[in-house]
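Each remark here refers to the structure printed beneath this line.
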Amino acid sequence: MTIETDRLLLRAFTPADVDAVYEACQDEDIQFYTPVPVPYRRADAEKLVGETLPAQWAEDRDYTLGAFRKDTGALVGSYCLTLVSRGVWELGYWAVEEQRGRGYSVEAARALCDWGWATLDVHRIEWWAMVGNTGSRAVAEKLGFTVEGTLRNRSIANDGKPHDWWVGGLLRP
Numbered sequence: 001m002t003i004e005t006d007r008l009l010l011r012a013f014t015p016a017d018v019d020a021v022y023e024a025c026q027d028e029d030i031q032f033y034t035p036v037p038v039p040y041r042r043a044d045a046e047k048l049v050g051e052t053l054p055a056q057w058a059e060d061r062d063y064t065l066g067a068f069r070k071d072t073g074a075l076v077g078s079y080c081l082t083l084v085s086r087g088v089w090e091l092g093y094w095a096v097e098e099q100r101g102r103g104y105s106v107e108a109a110r111a112l113c114d115w116g117w118a119t120l121d122v123h124r125i126e127w128w129a130m131v132g133n134t135g136s137r138a139v140a141e142k143l144g145f146t147v148e149g150t151l152r153n154r155s156i157a158n159d160g161k162p163h164d165w166w167v168g169g170l171l172r173p
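Under the UniProt record's numbering, the sequence shown has 127 at position 127, and the numbering climbs by one with no breaks.
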């Protein structure tokens, strides 16, 4: 499956993308705000691309796509829809540090949500982000998500401490 936007190509990760995923996941913000292993090793990227993501696709419970710039082929980030419950999917994403601030995440996430509305049995898409992840919140708000609240001490982050999370929702248009 591929999704094209004006500037991006969204597609499943392949073994050729392992190095780019590994490099992106060395970023401290990705390691802090997302559940990637720390330290993030090349073997983690190999397992993600070669085993974890294909298995989730096969089970129809997670659709993770890499977003790549059309002009350079560079990895922009990872964008996914993950099944939460019947008709409810979660939008998740991370962006390569060098690609942030250019509108790519809004473009990629919007395209993936549009695909979800058209293809999956979706009536609600949720977004979750650790409080403080203002970049993720800005993307969600630009997509039209309503920030519905803050969950106190929702998870233990990679720093070993509990953190609050924002939760938002976007209903079928």
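Ideal placement from N, C-alpha and C gives every residue a C-beta, glycine not left out.
DSSP state of Glu120, grouped into three classes?
The count along the sequence shown starts at 1 and reaches residue 120 at position 120. For clarity, residue 120 is Leu in the given sequence; the question names Glu instead. Coil, per DSSP.
According to the neighbour-count rule (16 or more other Cβ atoms, all chains shown, within 10 Å of its Cβ), is Asp27 buried or exposed?
On the sequence shown, position 27 is the one that residue 27 refers to. Counting Cβ neighbours within 10 Å, Asp27 comes out buried, since at least 16 surround it.
For the putative contact between Gly168 and Trp127, defined by C-beta atoms under 8 Å, what is the C-beta separation to the nearest angstrom?
Your numbering for residue 168 matches position 168 in the sequence shown. Your numbering for residue 127 matches position 127 in the sequence shown. At roughly 4 Å, the Cβ-Cβ gap stays under 8 Å, so Gly168 and Trp127 are in contact.
C-alpha gap between Ile3 and Thr34, whole angstroms:
The residue given as residue 3 occupies position 3 in the sequence shown. The residue given as residue 34 occupies position 34 in the sequence shown. So the two alpha carbons sit approximately 24 Å from each other.
Three or more C-beta pairs closer than 8 Å, one from the stretch 118–137 and one from the stretch 87–94: is that the case here?
yes
What residue range does the alpha helix (DSSP H) around Arg42 cover?
Within the sequence shown, residue 42 is the residue found at index 42, counting from 1. Element bounds for Arg42: Arg42 to Lys47.
Which residues in the same chain as Tyr104 place their Cβ atom closer than 8 Å to its Cβ, once the five residues preceding and following it in sequence are excluded?
Here residue 104 is taken as the residue at index 104 of the sequence shown, counted from 1. These residues qualify, in order along the chain: Arg7, Leu8, Ala67, Arg69, Val76, Gly77 and Ala95.
Report back the beta-carbon spacing between Leu65 and Ala12 to the nearest angstrom; my notes put them in contact at under 8 Å.
Here the question's residue 65 lines up with position 65 in the sequence shown. Here the question's residue 12 lines up with position 12 in the sequence shown. Sure, about 6 Å apart at Cβ, within 8 Å.
As a quick exercise: from Gly144, Asp114 and Asp71, pick the residue whose alpha carbon is nearest that of Leu81.
By 1-based counting over the sequence shown, the position of residue 81 is 81. Answer by Cα proximity: Asp114.
Counting along the chain, where does the alpha helix (DSSP H) carrying Gly135 start and finish?
For the purposes of this step, residue 135 is taken as the residue at position 135 of the sequence shown. Gly135 -> alpha helix (DSSP H) spans Thr134 to Leu143.
Tell me which same chain residues have a C-beta within less than 7 Å of the C-beta of Leu151, skipping the five on either side of it?
Residue numbering aside, residue 151 sits at position 151 when the sequence shown is read from its first letter. So the qualifying residues of the chain are Asp164, Trp165 and Val167.
Among Gly144, Cys25 and Glu46, whose alpha-carbon lies nearest the alpha-carbon of Tyr40?
By one-based count along the sequence shown, residue 40 stands at place 40. For the residues Gly144, Cys25 and Glu46, the minimum Cα distance to Tyr40 belongs to Cys25.
Quick one: using the 10 Å Cβ neighbour count with 16 as the cut-off for buried, is Ile30 buried or exposed?
By one-based count along the sequence shown, residue 30 stands at place 30. Looking at its Cβ environment, which holds 16 or more other Cβ atoms inside 10 Å, Ile30 is buried.
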